[in-house]
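As structure tokens, the structure follows; a few thoughts come after it.
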Amino acid sequence: MTSQKIVSRDKAAAQVRAWHAEGQRVVFTNGCFDIVHLGHIDYLEKARALGDKLVLGLNTDASVSCLKGPLRPVVNEQARARLMAALQFVDLVTLFGEPTPLELIETLRPDVLVKGDDYTVATIVGADFVLGNGGRVETIALVPGYSTSSLIQKIVEAYG
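Using my numbering, the first residue of the sequence shown is number 4, and each one after it goes up by one.
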């Protein structure tokens, strides 16, 4: 079951340590992934290609609301986690509720930290930590015209 790919922070850290012991390169990314669209799929597939395993830090409902506003998320955290876990190129999903994923990144100690190219290495939370531990920080070009916010706006305009 894909639900087995959704684990606590402690279990995620133990799994990452096991993968490291096997010589696997672990990639980490994070986000809300509220309404899954082509941009998410393209981004996550490219992130996974940068290593052997992909760990996804998923914002909790409360943290999504803080970041995106009181009407978000549209899809609750358990449903979002299951959707992300169902993707073959996502190896592990763990939730985090802090304002940033820094604590999670420091716990997991990934080899590669990835964000979209709407960030620069200088603005990626945890980049200094990953680089300081011999890892890499990468940005991935986003698919133009795809974002959850623009998708919601399009729905509201068409059906609202």
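Cβ atoms here follow ideal geometry from the backbone N, Cα and C, with glycine treated the same way.
Check, Outcome
"If you drop the 5 nearest sequence neighbours on each side, which residues of the same chain put their C-beta closer than 7 Å to that of D64?", "P76, N79 and E80"
"Report the CB separation of V96 from L61 in whole angstroms; it is logged as a contact under 8 Å.", "6 Å"
"On the three-pair Cβ rule with 8 Å, is the stretch 148-156 touching the stretch 130-138?", "no"
"Could you check the C-alpha separation between F92 and H43 for me, to the nearest Å?", "12 Å"
"Which residues does DSSP list as the beta-bridge partners of V117?", "E141"
"In whole angstroms, what separates the C-alpha of C69 from that of R28?", "32 Å"
"As a quick exercise: from L57, D114 and G148, pick the residue whose alpha carbon is nearest that of D94.", "L57"
"Which same chain residues, not among the five before or five after L105, have their C-beta less than 8 Å away from its C-beta?", "V128, G129 and F132"
"Under the assumption that L86 contacts V146 (Cβ atoms under 8 Å), give the Cβ distance between them as a whole number of angstroms.", "Their Cβ separation, rounded to whole angstroms, is 18 Å, which puts L86 and V146 out of contact at 8 Å."
"Report the three-state DSSP secondary structure of L57 (helix, strand or coil).", "strand"
"I need the boundaries of the alpha helix (DSSP H) containing L111, first residue and last residue.", "L105 to L111"
"What does the alpha-carbon distance come out to for the pair G163 and L41?", "23 Å"
"Would you mind giving the Cβ-Cβ distance between D37 and R83, rounded to the nearest angstrom? I have them listed as a contact below 8 Å.", "7 Å"
"Alpha carbon to alpha carbon, how far is F99 from D120? Give it in angstroms, no decimals.", "22 Å"
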